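Working notes, structure below.
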Amino acid sequence: MEERPGDDRPQLPQPSLWPVGFAVGIVCLLVGLIVSWWVAAAGAVLALVFGFLWAREVATGHPAVPGPPPDEAAPDAAPVPAHRGEAAMPEPQPGERFPRSRFLEGATLGIGALIGVVVTLPAAGFALLPGFLKQKAHKVDLGPIKDFEENKWQVVTFARDPTHADITRRTAFVRNNGLLDGVPSFTIISNRCAHVGCPVQPGGPVFQKEEKTVKTANGDVLMTPVLPAAGFICPCHGGSYDQEGNRIAGPPVRGLDRYEFDIVDGRLILGDLYSVVKVEGSGKTAKIEKVELHGPGQHADGPESWLYPLQPPH
Amino acid sequence: MARAKSERRDKIQAAAMYPLDWLEERSGLVGGVRYFLFRKVPGDTSWWHTLGSATLTAFLVQLVTGVILAMYYKPSPAEAHSSVEHITHDLWGGWLVRGMHRWGASVFIILMFMHMGRVFLFGAYKYPRELNWIVGVLLLATGLFEGLTGYLLPFDQTAYWATVVAVNINGTAPFVGPYLATVLRGGAEIGPDTLSRFYSIHMLLVPGALMGLIGLHLYLIVRLGVTSPPWSKEAAGSEPEEVAPPARAGLVQPGPRAAGVRRRPTE
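Sequence lines, in order, name chains A and B. At position 175 of the first sequence the residue is numbered 175 (our numbering), and the sequence of numbers has no breaks. Count along the second sequence from 1, then add 314; that gives the number in our numbering.
Okay, structure coming up:
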């Protein structure tokens, strides 16, 4: 191969515009494939022409990188030793830094942190917030109130969210207390134990043969007559409650939760859950000391309740 | 003849070593692995010192079997249990891989506790290894959390109620408890998102954290060296009988500490 001037020194490609034109041509070609054949053809021509020009320039070789400038000083004069010569710049003190270096470091860290925050915050919000927002309770239609015999208990199983019936099935103990001042009164006790949330069982016979299914807007509601003579008992750790849901014995920290209810067109509509500190009396004349819904195991009264000052939306 | 043979052997050796040399020159990985595997340990290490590697092996088994189970498991309330049944009863080898994952989880936890007990009884948590003890405790907590989140996944009655109870126990933590429980459930109640949430935590979030912590744990072990057992004749800081080289039992990594310099004067 013929030696060209500058081959013995490192070479740098010359600044060139041809690759840019080539790239534009390729983009036009690809966009044209979707948009229009004319654009594609123009792109192909551009790419070919600029590609040819680029290739020709590469093939003709590069000019040599300029070597070190020839020494200005007379070749005979002895070089000035560094420690005697004048300093080009004041010596930096140990630990001293130039403002630009400091600025660049700060800018890099700052922009990095900003990018991190911009990416992390929405992701963390998406991971954590949906559980707290739009947690509206679903009203559940339990069917006509004439299905509930007066002063008799029923175990009622229903889907709190009919679109996810398989996972939102809940159970409540329902008793029709009869009329109070002309308004139907119900006692609706959640089966969720106030200890750690196991399902409490009725302390008495469940009449499985009399089980019936009521079809409502919320899907199938299962009703079984029951006689919880000994109140309600939790199978997990032995918490026990009386018929009004007051704690009698065992580890629970308060009584059983209850459901709000409504009578609409003669049908029993289940509302939100609330927690109960104490129930005095029984049936329709019971005095219920209500509080906001607490999770199982959380005290609702006394000094221990100060540990749970704020409840997330239920 | 012999010369020719050895020449050929040299050639073969060079050819065999070429890929390794290539890798070493570009990454330094071969030297790194060699450094990790052939580092010096005290002469009187015993079987007790293998509990940590055993725990790591159990973790790797969980990793591999878990990845395979994830190919067949469906984390939705309607399908989760039936897909686990499918894995166990219908798919070839499914019972084995699921069994390895299920029992391996217990093995992993038990080995973690045994390893922890060994470290405690050998006093291997003392200076300069306190930080590695702390990392180990974090590993224990994350490992237990891995067990908690994995327990829900078969989605049978045991899994469901155990998770209800576990989440509610979290909910009784002072002040933050109710919020912690809501974050774990992804809502006010266990709902359709809870299962996939636990699945994601179980197979992505916590294993990632575990791998990072294990990396840190191993780094500290390599940096600080393996502790000699308490019955070791070469008590840490003492000088062995031989003069050279200055072996420092308990802290055997070659370091800048000058030979013969004692950390503390003998009483």
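Here a beta-carbon is modelled for each residue, glycine too, at the ideal position from N, C-alpha and C. Small disclaimer: the values here were computed from a predicted structure and weren't measured.
Opening and closing residue of the alpha helix (DSSP H) in which residue i lies
| i | result |
| --- | --- |
| B:PRO521 | 520-538 |
| B:ALA384 | 365-384 |
| A:PHE50 | 37-59 |
| B:LEU509 | 506-514 |
| B:SER390 | B:SER390 -> no alpha helix (DSSP H), and no H or E assigned at all. |
Residue-level contact to chain B via CB, residue i, 7 Å cutoff
| i | result |
| --- | --- |
| A:HIS314 | yes |
| A:PRO296 | yes |
| A:LEU129 | no |
| A:VAL140 | no |
| A:VAL174 | no |
| A:GLY95 | no |
| A:LEU268 | no |
| A:LEU33 | no |
| A:GLN154 | no |
| A:GLN311 | yes |
Extent of the continuous beta strand (DSSP E) to which residue i belongs
| i | result |
| --- | --- |
| A:GLN154 | 153-159 |
| A:PHE186 | 183-190 |
| A:VAL277 | 267-280 |
| A:GLY143 | 140-144 |
| A:ILE288 | 287-291 |
Beta carbon proximity, residue i to chain A, threshold 7 Å
| i | result |
| --- | --- |
| B:THR486 | yes |
| B:ASN446 | no |
| B:TYR465 | no |
| B:THR496 | yes |
| B:VAL479 | yes |
| B:PRO560 | Note that B:PRO560 has pLDDT 49, beneath the 50 cutoff, so the model's placement of it is unreliable and the number below is only indicative. Taking Cβ atoms only, chain A never reaches closer than 7 Å to B:PRO560, which makes this a no. |
| B:GLY522 | no |
| B:ALA392 | yes |
| B:ALA384 | no |
| B:GLY346 | no |
| B:GLY505 | yes |
| B:PRO570 | Confidence at B:PRO570 is low in this model, with a pLDDT of 46, below 50, so its placement is unreliable and the value that follows should be read with caution. No, B:PRO570 lies away from the interface with chain A (no Cβ there is under 7 Å from its Cβ). |
| B:PRO468 | no |
| B:PRO544 | no |
| B:TYR493 | yes |
| B:ALA372 | no |
| B:ALA473 | no |
Residues bridged to residue i [DSSP beta-bridge criterion]
| i | result |
| --- | --- |
| A:ARG169 | A:ALA159 |
| A:ALA249 | A:SER240 |
| A:ASP220 | A:LYS215 |
| A:TYR259 | A:LEU273 |
| A:VAL117 | According to DSSP, A:VAL117 bridges with nothing at all. |
| A:ILE233 | A:GLN201, A:SER240 |
| A:LEU180 | A:VAL183 |
| A:PRO225 | A:GLN154 |
| B:VAL344 | Paired residues: none, contrary to the question. |
| A:ARG175 | A:TRP153, A:THR187 |
| A:VAL206 | A:VAL226 |
| B:VAL355 | Paired residue(s): none; B:VAL355 is not in a bridge. |
| A:VAL323 | Here chain A has residues from 1 to 314 only, and residue 323 of chain A is not among them. |
is_contact[residue i, chain E] using C-beta, thresh 7 Å
| i | result |
| --- | --- |
| A:VAL39 | Among the protein chains of the structure shown, namely A and B, there is no chain E. |
Query raised in the report: Of all the residues that make up the segment 164-194 of chain A, which are near chain B by a beta-carbon distance shorter than 8 Å?
Result: HIS164, ASP166, ILE167, THR168
Query raised in the report: Of all the residues that make up the segment 194-211 of chain A, which are near chain B by a beta-carbon distance shorter than 9 Å?
Result: HIS195, VAL196, GLY197, CYS198, PRO199
Query - Entirely enclosed alpha helix (DSSP H) segments - the segment 424-504 of chain B, minimum 4 residues - result: 444-466, 471-485, 491-499
Query raised in the report: Closer than 9 Å, Cβ to any Cβ of chain A: which residues of the segment 407-419 of chain B, in chain order?
Result: none
Requested in this report: For the segment 280-307 of chain A, enumerate the residues whose C-beta is nearer than 7 Å to any C-beta of chain B, in chain order.
Outcome: GLY295, PRO296, GLY297, GLN298, LEU307
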